[in-house]
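Shown next, in structure tokens, is the structure this report addresses.
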Amino acid sequence: MSSRVDPSRSERISANLPLLFIIGAVCQYVGASVAVPLFSQLNPAAVAWLRATAAGFVLLALWWPIAGRRWPRGQGSYPPRRLAIAAAFGLITMGMNMAFYLAIDHIDLGVAVAIEFLGPIVVAAAGSRKMSDGVAVVLVLVGVVLLSGASFSGAPLGVLFALVAAGLWAGYIVVGKMVSTGNVHAESAPAGPAWRNGIDDLAIGLSVAGAICAPVVIGITTTISPGERWSWRVLALGVAVGVLSSAVPYLLDQVVLARLGRSQFALLLALLPLTATVVGAIALAQVPSWTEMCGMVLVVAAIVFTARSSEIDSGAGTG
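So in UniProt numbering, spot 87 of the sequence shown is number 87, and the numbers just go up one at a time.
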């Protein structure tokens with residue numbers, strides 16, 4: 001039995017998609033700026049694991065009681081295939097977080113995000129059949145190159161980690177679209193909008209991924225880097241980073257993904273280098289150069305160009 005969604009309410013949500021996305025982006029990079037001081041206590045991979053695991057358990061604690069009331073009697077467990085997809089989603093997300101944090105340990109926040117954006121560009125190019133979207137992709141690509149600046153030659157290790165994060169980000173978009181639209185749920189999902197099922201899977205996926213990676217991360221931290229300190233303060237900051245950088249933006253991602261095409265969502269992500277650069281300048285004193293500013297202008301131009309030529313599928317997330 002499917003639930004009916006008020007059309008006017010659905011239209012209001014669709015009209016506010018850009019605002020929801022911007023809120024998620026600001027939370028994500030404010031959380032990243034909070035995480036940087038933790039690098040003096042733990043290695044970046046451990047901080048990323050703490051972020052994703054904390055987000056998974058926070059989502060599980062807050063969302064699962066709501067999700068449990070939506071499940072019909074006798075359908076209280078996950079089918080193996082859905083659990084496997086959720087775990088894969090969580091592992092991809094955690095790997096993306098680890099690679100990104102290793103990158104920003106070497107290069108500026110805005111530059112890391114710009115390089116990482118090559119992953120969504122590939123998704124956008126693969127999912128688009130319009131010449132106008134192709135032009136937008138070219139604009140974004142040139143903007144990313146300008147934003148990256150001298151980091152390709154100045155900090156190759158940071159660039160390498162950012163490129164790994166880019167590939168995992170592309171996987172996050174593809175698998176996240178499957179999860180948010182209910183393509184992996186079939187008849188195993190409860191009634192309600194498909195994006196809510198995506199939050200169920202995200203909470204399960206991040207929690208499972210955190211449990212799988214825990215022995216490796218803790219083992220490496222205690223054996224290879226015995227000087228690193230796990231304290232209640234570090235754990236509390238990790239939970240705060242998890243809520244800001246993962247729980248809030250990923251929840252909003254599911255709402256946006258369920259109502260946008262995959263390529264449209266990937267191009268909307270072009271706002272992230274600009275957001276990350278602004279947050280980096282304010283919170284970390286990482287002021288961009290004129291070349292990087294020109295790159296931002298091209299990225300914003302691509303967003304405007306795409307918004308004028310693309311239509312949003314506002315009914316994709318209703319069910």
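Note that beta-carbon positions come from the ideal geometry of N, C-alpha and C, so glycine has one too.
- [ ] Would you kindly check if the distance between the Cβ of A55 and the Cβ of A247 is under 8 Å?
- [x] Along the sequence shown, one-based indexing puts residue 247 at 247. Along the sequence shown, one-based indexing puts residue 55 at 55. Taking 8 Å as the Cβ cut-off, A247 and A55 qualify as a contacting pair.
TODO: Report the rounded CA-to-CA distance for A61 versus A240, giving the unit in angstroms.
DONE: For this step, residue 61 is matched to residue 61 along the sequence shown. For this step, residue 240 is matched to residue 240 along the sequence shown. Approximately 15 Å, taken between the alpha carbons.
Task: Exposure of N16, with buried meaning 16 or more beta-carbon neighbours within 10 Å - done: Here residue 16 refers to the residue found at position 16 of the sequence shown. Exposed, because fewer than 16 other Cβ atoms sit within 10 Å of the Cβ of N16.
TODO: Could you check the C-alpha separation between W71 and D201 for me, to the nearest Å?
DONE: Translated into the one-based positions of the sequence shown, residue 71 becomes position 71. Translated into the one-based positions of the sequence shown, residue 201 becomes position 201. Because W71 carries a pLDDT of 49, less than 50, the predicted location of this residue cannot be relied on, and the following value inherits that uncertainty. If you take the alpha carbons of W71 and D201, they lie about 14 Å apart.
- [ ] Out of V216, A170, I104 and I173, state which residue places its alpha-carbon closest to the alpha-carbon of P156.
- [x] If you number the sequence shown from 1, residue 156 lands on position 156. That would be I104, whose Cα lies nearest to the Cα of P156.
Open item on the list: For L109, tell me which candidate among A203, A88, G280 and L139 has the shortest Cα-Cα distance.
Closed with: In the sequence shown, residue 109 corresponds to position 109, counting from 1. Nearest of A203, A88, G280 and L139 to L109, Cα basis: G280.
TODO: Whole angstroms is fine: what's the gap from A86's alpha carbon to G205's?
DONE: For this step, residue 86 is matched to residue 86 along the sequence shown. For this step, residue 205 is matched to residue 205 along the sequence shown. One C-alpha to the other measures close to 4 Å.
TODO: With a cut-off of 8 Å on the beta carbons, I'd call V159 and I121 a contact; round off their distance for me.
DONE: Counting from 1 along the sequence shown, the entry for residue 159 is found at position 159. Counting from 1 along the sequence shown, the entry for residue 121 is found at position 121. The pair is not a contact, with the Cβ atoms about 16 Å apart (cut-off 8 Å).
Task: Close beta carbons around L20, own chain, < 7 Å, minus the five adjacent residues each side - done: Taking the first residue of the sequence shown as position 1, residue 20 is located at position 20. These residues qualify, in order along the chain: L252, V255 and V256.
- [ ] Using three-state DSSP, classify N16 as helix, strand or coil.
- [x] Reading the sequence shown from its first residue, position 16 is the one you call residue 16. Residue state, collapsed to three classes: coil.
Open item on the list: Please state whether the Cβ-Cβ distance between A52 and G210 is less than 8 Å.
Closed with: Start at 1 with the first residue of the sequence shown, and residue 52 comes out as number 52. Start at 1 with the first residue of the sequence shown, and residue 210 comes out as number 210. Yes, Cβ-Cβ distance for A52 and G210 is below 8 Å.
Task: C-beta contact flag for L38 and V47 at 8 Å - done: As a working mapping, residue 38 is identified with position 38 in the sequence shown. As a working mapping, residue 47 is identified with position 47 in the sequence shown. Result yes, Cβ atoms of L38 and V47 sit closer than 8 Å.
- [ ] Answer yes or no: do S245 and A112 have a C-beta to C-beta separation smaller than 8 Å?
- [x] One-based indexing of the sequence shown puts residue 245 at position 245. One-based indexing of the sequence shown puts residue 112 at position 112. The answer is no: Cβ separation not under 8 Å.
TODO: Spatial neighbours of L298 within its chain, please: CB distance less than 8 Å, with the 5 preceding and 5 following residues excluded, ordered by chain position.
DONE: For the purposes of this step, residue 298 is taken as residue 298 along the sequence shown, with counting starting at 1. For L298, where only same-chain residues beyond five positions count, the Cβ hits under 8 Å are L139, V140, V142, G143 and L146.
Task: Cβ distance (whole Å) where L50 is taken to contact T221 below 8 Å - done: On the sequence shown, residue 50 is found 50 positions in, with the first residue counted as 1. On the sequence shown, residue 221 is found 221 positions in, with the first residue counted as 1. Their Cβ separation, rounded to whole angstroms, is 10 Å, which puts L50 and T221 out of contact at 8 Å.
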